[in-house]
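Trainee:
Protein chains in written order, with our numbering: chain A, 738 to 865; chain B, 18 to 100; chain C, 11 to 311; chain D, 8 to 103.
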């Protein structure tokens, strides 16, 4: 398996796992958790899709990679990045899916809180 | 190259808390395992930053460190009587 | 095998394994702990995928706030009641999920690799007022989406208000919590300010800063900070609603000035974005705190 | 960056990662919950402090010292506090 497929495979696996649990599990908390896992899987596919090249262990450098690294180094006030161990350098992900995933994370925590409030109310009624 | 192997080692140290997380037996054991994995994650991020020469990642590690205790605190403060 | 490939493979396997544990362990606390670990590893994968902005938000929310929410739910819902599904049903569901997952992977692996957005975002970045492309997308190119997203947060808050689950009343934790809170909370607030300020040109922004601030607030609540609860809750609710109000007003004002909804006047985009982001940070932090603490009148136990 | 600083930094990081691995090993192998907390509070803190110190040695910019130092401080404080609070709860409610 090539490196470019590691994260998409993980994302697809997470989606399958979450859907299986959603279909077979009767427990509310676990279902809400499966929903969260499903969202992570979808986000992983989205972020892995919008990339020029996933891994640059071979030392290929692309415009997006340079831009991504610029973004990271500018924060530290460095003009030129150090070159020790370039193996972990990678292209920046596509900003549009990044923005979607970012808003998705915040919306999902709100939805989780609302669902949890609902589950707690239902549970409390059960117990009484 | 050395730093990349060390980053891999830090990731493995993070994953090495899994046996205790699975075995328990007490809830406290499992939360302690998650807490330890949090520290491992912070170390992994620092090493990713050192290996690529991007100190911006150190800021990210700081965010992780600042929030590392919230869930542990939630565990002790919420009683955690459920097993 | 290079260490980088090994790292990615271990990370991907770790994410999958932890998610599987979170969805299968019988013990409630174990489930939540595995879920928290999944969140941490997922944040690491976002870094490896070149999305530091997303990793920051995931660190604060996926591993922190959601974990705390699940812990609260785990305690209130009680232990798992065993009711395994019929084997036939489980097998059918597993087959369906596996087929779907394989189809997704096939679609991904055969899709054309080039992405359309980065060049267009890079071309328009000059005029957006900020140099972090993610912030530019969130608050300039697709600000309309973000406005609706804040509306979703308010709807969720209204839902929690209506359902009014029992309020969170933390145990007393003793004297050592105070020095802890005195170190951690100020640092978290500083980090949140730093993230908000640098969000214009580096990873960070309103969502990340708001999430970190909410984490600090959660630490205060769980640490048992004594404040007049009703006044505090009203102030936080007002703050939570203020974000949507400021954003909507900004949209209307920009409509009046430039004729385009959320089309900022030339050259002033940065000032508008910073003003909106400042309001959003406080509002998101207040909303997330309230979503955790709840509105109920009844006590937690 | 001098050779000495590089070597020193790498050695410290290696020692730190070793401490983290030992912490995980301790959490796994120690016999009961209270002794396992030692792994969380001590080996863990030492490991991260060494990693941060090593990364600071490898870094060119003094600006990196602040986040790294704060990181080590925060992990030390939260590890110790959470360990203490968990132990306190266990002492109170032995059956929990």
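Positions of the beta carbon are idealized from the N, C-alpha and C atoms, including for glycine.
1. Please look up how many angstroms separate the CB atoms of residue 161 of chain C and residue 254 of chain C, rounded, as I've assumed it's under 8 Å.
2. Please state whether DSSP places residue 37 of chain C in a helix, a strand or coil.
3. Residue 276 of chain C touches chain B at which residues, Cβ-Cβ below 8 Å?
4. DSSP on residue 762 of chain A, reduced to helix/strand/coil?
5. So what's residue 94 of chain C in DSSP terms, helix, strand or just coil?
6. Of all the options D:69, D:61, D:43 and D:68, which has the alpha carbon lying nearest to the alpha carbon of residue 79 of chain D?
7. Could you tell me which whole alpha helix (DSSP H) segments of length 4 or greater appear in the region 63-146 of chain C?
8. Within 7 Å (strictly less), CB to CB, does residue 80 of chain C reach chain D?
9. What would DSSP say about residue 30 of chain B, mapped onto helix, strand or coil?
10. Where do the ends of the alpha helix (DSSP H) carrying residue 75 of chain B lie?
11. Quick one: Cα of residue 220 of chain C to Cα of residue 102 of chain C, how far?
12. Please state whether DSSP places residue 171 of chain C in a helix, a strand or coil.
13. So is residue 286 of chain C in contact with chain A if we call contact Cβ pairs under 7 Å?
14. By alpha-carbon positions, which one of A:757, A:851, A:767 and A:832 ends up nearest to residue 59 of chain C?
15. What are the start and end residues of the alpha helix (DSSP H) that includes residue 92 of chain D?
16. Kindly indicate the opening and closing residues of the alpha helix (DSSP H) around residue 26 of chain D.
17. May I ask which residues mark the beginning and end of the alpha helix (DSSP H) holding residue 280 of chain C?
18. By DSSP, does residue 274 of chain C sit in helix, in strand, or in coil?
19. Could you spell out the range, first to last residue, of the alpha helix (DSSP H) harbouring residue 197 of chain C?
20. Less than 7 Å between the beta carbons of residue 54 of chain C and residue 28 of chain C, yes or no?
21. Check the Cβ of residue 83 of chain C against every Cβ in chain A and list those closer than 7 Å, keeping chain order.
22. For a quick check, are the C-beta atoms of residue 836 of chain A and residue 147 of chain C less than 7 Å apart?
23. Pick from A:749, A:756 and A:843: whose alpha carbon is nearest that of residue 67 of chain C?
24. Is the separation between the beta-carbon of residue 134 of chain C and that of residue 28 of chain B shorter than 7 Å?
25. Who are the near neighbours of residue 43 of chain D in its chain, counting only those whose CB is closer than 6 Å to its CB and skipping five residues on each side?
26. Pop quiz: residue 212 of chain C and residue 75 of chain C are said to be a contact at Cβ under 8 Å. What is the actual Cβ separation, rounded to whole angstroms?
27. Using only CA atoms, which one of D:18, D:66 and D:86 lies nearest to residue 50 of chain D?
28. Closest Cβ-Cβ distance between residue 68 of chain D and chain C: below 7 Å?
29. Any beta-carbon of chain C closer than 7 Å to the one on residue 44 of chain D?
30. Roughly how many angstroms lie between the CA atoms of residue 268 of chain C and residue 279 of chain C, to the nearest whole one?
31. Residues of chain D with CB closer than 8 Å to the CB of residue 190 of chain C, please, in chain order.
32. I need the boundaries of the alpha helix (DSSP H) containing residue 227 of chain C, first residue and last residue.
33. Quick check on DSSP: helix, strand or coil for residue 49 of chain D?
34. Please look up how many angstroms separate the CB atoms of residue 222 of chain C and residue 84 of chain B, rounded, as I've assumed it's under 8 Å.
Mentor: In this structure, then:
1. 6 Å
2. coil
3. Simply none; closest approach about 31 Å.
4. In the structure shown, residue 762 of chain A sits in coil (DSSP, three-state: anything other than H, G, I, E or B).
5. coil
6. D:61
7. 76-87, 97-120, 127-134 and 143-146
8. no
9. helix
10. 73-94 is the extent of the alpha helix (DSSP H) around residue 75 of chain B.
11. 42 Å
12. helix
13. no
14. A:832
15. For residue 92 of chain D, the uninterrupted alpha helix (DSSP H) segment begins and ends at 72-99.
16. 10-36
17. First-last of the alpha helix (DSSP H) with residue 280 of chain C: 279-303.
18. coil
19. 187-208
20. no
21. 766, 853, 856 and 857
22. yes
23. A:843
24. Cβ distance not < 7 Å, so residue 134 of chain C and residue 28 of chain B don't count as in contact.
25. Apart from the 5 residues on each side of it in sequence, residue 43 of chain D sits with its Cβ closer than 6 Å to the Cβ of 34 and 37 in its chain, given in chain order.
26. So it is not a contact: roughly 23 Å between Cβ atoms.
27. D:86
28. no
29. Answer no: the Cβ-Cβ gap between residue 44 of chain D and chain C never drops below 7 Å.
30. 12 Å
31. Per Cβ cutoff of 8 Å: 84, 85 and 88.
32. Run containing residue 227 of chain C: 216-232, per the alpha helix (DSSP H) assignment.
33. helix
34. 7 Å
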